[in-house]
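**Student:** Here it is: the structure, laid out below.
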Amino acid sequence: MTATDWHPADIIAGLRKKGTSLAAVSRNAGLASSTLANALTRRWPKGERLIAEELGVAPQQIWPVPLS
1 MTATDWHPAD
11 IIAGLRKKGT
21 SLAAVSRNAG
31 LASSTLANAL
41 TRRWPKGERL
51 IAEELGVAPQ
61 QIWPVPLS
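The sequence shown: position 34 = 34 (the UniProt record's numbering), numbered continuously.
Structure, rendered in structure tokens:
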């Protein structure tokens with residue numbers, strides 16, 4: 001996580017405000033319930049896209065620093 005990326009707690013709170021959870025988004029994508037948690041601690045473009053779509057924003061808004 002960099003200083004400009006959203007804090008993981010903000011991502012989780014955003015999902016809760018939308019009436020869902022990280023585990024539910026994971027299951028809806030056909031993944032194990034804990035799989036998307038990986039996107040909170042390491043770069044994973046597919047996971048980032050799934051979370052961003054659920055929040056209604058672009059992945060670059062949540063994780064603005066490009067992969068190095």
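Note that beta-carbon positions come from the ideal geometry of N, C-alpha and C, so glycine has one too.
The structure displayed is predicted, hence computed values, not measured ones.
The alpha helix (DSSP H) with G47 in it runs from where to where?
**Tutor:** 45 to 55
**Student:** How would you call V65, buried or exposed, if buried means at least 16 neighbouring beta carbons within 10 angstroms?
**Tutor:** exposed
**Student:** In or out: T4 buried (at least 16 other Cβ within 10 Å) or exposed?
**Tutor:** exposed
**Student:** Can you have a look at S26 and say buried or exposed, based on whether 16 or more other CB atoms are within 10 angstroms of its CB?
**Tutor:** buried
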